[in-house]
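K.L.:
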Amino acid sequence: MRKITTIAIFTGMTLFATGAMAADDAVKMRKEAMKEAKMNFKPLVGMVKGKVPFDLATVKKNAAQIAADLERARKLFPEGTGDGEAKVETRAKPEIWLMKDEFQAAFDNAIKRAKALAAIDSEAAFKPAVMGLGGDGCKACHKKFRLPKKKK
Amino acid sequence: MAAMHRHMTKHPILWSLVSALLLFMLITAGLYAKLSEPLPPSALPKGHAPDIANGKILYTAGGCISCHRGIGPDVDKPAGGRKLKVPGDTLIPPNITPDRDTGIGNWTPLQFLTAMKRGLAPDGAHYIPAFPYTSYAWMTASDILDLFAYLQTLPAVRNKVERKPFRLGRFALAFWQWLALPRGEFRPVPGKSAQWNRGAYLVLGPGHCGECHTPRNAIMLLNRARWLAGGPHPVEKGSVPSLRGLIRRKRFKDAEDIYNALKYGEALGYEDISSGGMGEVQENISKLPDADIRAIATYLASLE
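Protein chains in written order, with the working numbering: chain A, 1 to 152; chain B, 153 to 456.
1. Under 7 Å between beta-carbons, which chain B residues line up against A:PRO53? List them in chain order, please.
2. Rounding to the nearest angstrom, what Cα-Cα distance links B:PRO192 and B:PRO261 in this structure?
3. Tell me where the beta strand (DSSP E) around B:VAL238 begins and ends.
4. Let's see if you can read the secondary structure: which residues bound the alpha helix (DSSP H) around A:LEU70?
5. For the beta strand (DSSP E) that B:LEU109 lies in, which residues bound it at each end?
6. Mind listing which residues of the segment 87-111 of chain A have their C-beta closer than 7 Å to chain B's C-betas, in chain order?
7. Quick one: which unbroken beta strand (DSSP E) runs of 3-plus residues sit fully inside the segment 178-243 of chain B? Chain order, please.
8. Hey, A:ASP83 and A:ALA33: beta-carbon distance below 9 Å or not?
9. Whole angstroms are fine: how far does the CA of A:ARG113 sit from the CA of A:GLY132?
10. Kindly list the residues whose CB is nearer than 6 Å to the CB of B:THR254, restricted to its own chain and excluding five residues on each side of it in sequence; keep chain order.
11. Taking only beta-carbon atoms, is A:PRO128 less than 9 Å away from chain B?
12. Anything in chain B within Cβ reach of A:VAL48, meaning under 8 Å, just list it in chain order.
13. Give me the chain A residues within the contact set of B:SER426, using Cβ-Cβ distance strictly less than 8 Å, ordered along the chain.
14. Is B:GLY417 close to chain A? Criterion is C-beta to C-beta, closer than 9 Å.
15. So, helix, strand or coil for A:VAL27, using DSSP?
16. Closest to B:LYS237 by CA distance: which of B:ASP226, B:TYR288, B:LEU354 and B:CYS219 is it?
17. How should B:ASP295 be labelled, buried or exposed, when 16 other C-beta atoms within 10 angstroms of its C-beta is the threshold for buried?
18. So, for B:ILE223: in the same chain, excluding its five sequence neighbours on each side, which residues have a beta-carbon less than 7 Å away from its beta-carbon?
19. B:GLY431 versus chain A: which residues are under 8 Å apart at the beta carbon?
20. Alpha carbon to alpha carbon, how far is A:PRO53 from B:PHE300? Give it in angstroms, no decimals.
21. Have a look at B:SER394 and B:ARG403 and give me their C-alpha separation to the nearest angstrom.
22. Residues in its own chain within less than 6 Å of A:LYS152 by CB, not counting five upstream and five downstream?
23. Distance, Cα to Cα, B:HIS278 vs B:PHE323?
24. How would you call B:VAL433, buried or exposed, if buried means at least 16 neighbouring beta carbons within 10 angstroms?
25. Roughly how many whole angstroms lie between the Cα atoms of B:TRP259 and B:ARG376?
26. Could you tell me the distance, in whole angstroms, from the CA atom of B:PRO281 to the CA atom of B:ASN436?
27. Take B:ARG335 as the anchor and find which of B:TYR285, B:ALA413, B:LEU320 and B:THR450 has the nearest alpha-carbon.
28. Between which two residues does the alpha helix (DSSP H) containing B:ARG446 stretch?
29. Find the nearest neighbour of A:LYS61 within the set A:ALA37, A:LYS93 and A:ILE96, judged by alpha-carbon distance.
30. Could you check whether the Cβ of A:VAL59 sits closer than 9 Å to any Cβ belonging to chain D?
31. Taking CB distances under 9 Å as the criterion, tell me whether A:PHE77 reaches chain B.
32. Any idea what DSSP makes of B:PRO164, helix, strand or coil?
33. Does B:GLU314 come within less than 9 Å of chain A when only Cβ atoms are used?
34. Taking C-alpha atoms, which residue in B:GLY359, B:ARG396 and B:GLN329 lies nearest to B:TYR184?
35. State the Cα-Cα distance for the pair B:ALA332 and B:LEU373, rounded to the nearest angstrom.
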């Protein structure tokens with residue numbers, strides 16, 4: 001009886017620790033995914049501003065990458081990893097868990113926008129599609145669910 | 153009379169103090185009365201036909217909705233009522249929809265002009281400068297009247313907001329206003345382009361950028377020698393960035409870069425401009441005519 005109890009307790013502790021570690025990993029991984037999305041978005045911004053020549057192949061490739069980055073990040077918001085709860089610094093607002101449905105919808109919308117951008121066939125479709133992703137996708141979700149940068 | 157004279161000669165120090173006190177109270181009362189004078193009718197521009205379209209642009213540039221936003225279904229109207237936390241106090245912006253009982257529906261243009269340029273309410277009370285009249289005072293009288301005309305076209309919302317008195321008293325506030333209010337209105341700078349001057353006007357006046365981006369002294373007066381140089385946030389925790397030398401410090405490449413940041417914000421990757429209170433400001437600015445956003449960018453790009 002004692003042996004089983006001991007094993008049970010240690011198993012429980014390990015699972016708990018793993019869970020806690022997994023939570024920290026979730027924060028790290030989703031930040032990485034978002035950073036990648038930003039890196040993939042940058043050259044497209046350059047094209048909008050006319051600093052870089054428009055290239056359809058690059059647009060489609062990067063947009064598909066962004067969609068993949070977002071799909072990865074989407075699954076990395078377990079309970080207890082919000083600002084003030086997670087051990088790692090995060091800008092995730094409690095609204096993410098208080099308004100779960102809206103958060104998922106905002107994420108889905110951003111992914112949809114990224115896929116729509118990846119599906120364009122001409123330069124004419126480029127600007128509205130990329131602004132749609134940046135504005136209706138990134139900005140709209142961040143406005144509701146991400147804290148402003150921590151002021152020093 | 154003779155008895156009083158005997159009293160005064162018997163207690164000279166006491167009576168000197170009393171007379172000094174009476175004199176002081178008289179001067180203070182006189183000064184307070186002077187500092188609470190509304191603007192005279194001559195302050196109104198002669199024969200000005202209000203331009204409602206211009207009023208709407210100024211309403212957007214002024215960001216009025218950001219403080220005066222109503223509650224619940226009135227979130228898109230300036231019906232007031234939301235709590236505004238400032239150091240040591242919680243204020244509630246009033247209703248500026250044209251409701252006749254609880255809003256500004258029965259105000260005269262001169263009363264609105266007095267509020268914006270002197271920080272005085274129609275009943276003579278001094279407004280707490282969370283209402284940034286120290287910036288709005290730079291606006292031209294005709295612009296302020298255009299803004300008033302635009303406000304009168306908004307839907308009237310019934311929402312009574314009780315005014316809170318200033319916690320340090322009306323005399324302190326009146327004196328502070330006397331120190332803080334700019335004299336006269338914005339004058340275009342000769343030698344600078346029309347675009348630059350438009351940008352300067354929008355930033356100094358309706359944009360009231362200086363209220364956050366200019367550091368203040370111990371009694372919360374703007375340090376105009378360090379105009380837009382940033383510093384501690386006047387109301388929240390943390391600091392506000394300097395808007396001087398934006399190009400020299402490589403924060404932005406050029407005026408075009410600043411324009412893109414103001415117009416698109418995070419949609420084009422300008423994340424910082426969506427941080428904290430600036431997010432709301434960027435949203436407001438993005439709704440301005442392109443020429444005005446470019447003007448603001450031109451002015452800011454020129455600051456050293």
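We treat Cβ as the ideally placed atom computed from N, Cα and C, and that holds for glycine.
P.N.:
In short:
1. Per Cβ cutoff of 7 Å: no residues; A:PRO53 is ~18 Å from chain B at best.
2. 12 Å
3. 236-238
4. 56-74
5. The structure shown does not extend to residue 109 of chain B, since chain B is modelled only from 153 through 456, so no value can be given for it.
6. Legend: CB atoms of the segment 87-111 of chain A lying less than 7 Å from CB atoms of chain B are not found in any residue.
7. 236-238 and 241-243
8. In this structure, A:ASP83 lies away from A:ALA33, with their beta-carbon atoms at least 9 Å apart.
9. If I take the Cα positions, the gap works out to 7 Å.
10. ASN247, ARG310, ASN311 and LYS312
11. no
12. LEU420
13. LYS139, HIS142, LYS143 and PRO148
14. yes
15. helix
16. B:CYS219
17. buried
18. GLY233 and ARG234
19. Within chain A, the C-beta atoms nearer than 8 Å to that of B:GLY431 come from LYS143 and PRO148, in chain order.
20. 47 Å
21. Their Cα atoms are separated by approximately 10 Å.
22. Note that A:LYS152 scores a pLDDT of 46, beneath 50, so its modelled location is shaky and nothing firm can be said.
23. 9 Å
24. buried
25. 33 Å
26. 21 Å
27. B:TYR285
28. 442-454
29. A:ALA37
30. The structure shown has no chain D; the protein chains it does contain are A and B.
31. no
32. helix
33. no
34. Among B:GLY359, B:ARG396 and B:GLN329, the Cα nearest to that of B:TYR184 belongs to B:GLN329.
35. Rounded to whole angstroms, B:ALA332 to B:LEU373 spans 6 Å at the Cα level.
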